[in-house]
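**Student:**
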Amino acid sequence: MRAYVEDALRIPGFNIRWQSQGVQLSADGSLAYMFGTNTVTVSGHDGAPAATDGRGLSIWRREDDGIWRCSVEIWNTDHPASLS
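If you read the sequence shown in the UniProt record's numbering, its first letter stands for residue 1, the second for the next number, and so on.
#1: Nearest to G54 by alpha carbon, out of D65, T41, G66, A48?
#2: If the criterion is Cβ atoms closer than 7 Å, does the pair R69 and L31 meet it?
#3: Taking the CB atoms as reference points, tell me whether A51 and T37 lie closer together than 7 Å.
#4: Helix or strand or just coil, what does DSSP make of E6?
#5: Considering only the beta carbon of each residue, do S71 and M34 sit closer than 7 Å?
See the structure below:
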């Protein structure tokens, strides 16, 4: 995952904006999930910004040391990016 994010940050014009829609915590406090929307922008073939909107879900696990770590992260786009 780290390599994926590091590679994405090198893409010309790359930008991602997240908007949390909600967070739910398990009754015992060991798991949580967060869901929301995002917009990903990159430079198109002509250099102009190309953006696509999507949704995402992250599942977090609280470790024995008290630190929250992301266990699962999934996302999808609402529609294909337009590179025209």
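Ideal Cβ placement from N, Cα and C applies to all residues, glycine included.
**Tutor:** Reading off the structure:
#1: Checked all of D65, T41, G66, A48; the closest Cα to G54 is T41.
#2: In this structure, L31 does not lie closer than 7 Å to R69 by Cβ.
#3: Taking 7 Å as the Cβ cut-off, A51 and T37 do not qualify as a contacting pair.
#4: Per DSSP, reduced to three states, the secondary structure at E6 is helical.
#5: Inclusion of S71 and M34 in the CB contact set at 7 Å is not warranted, their separation being larger than that value.
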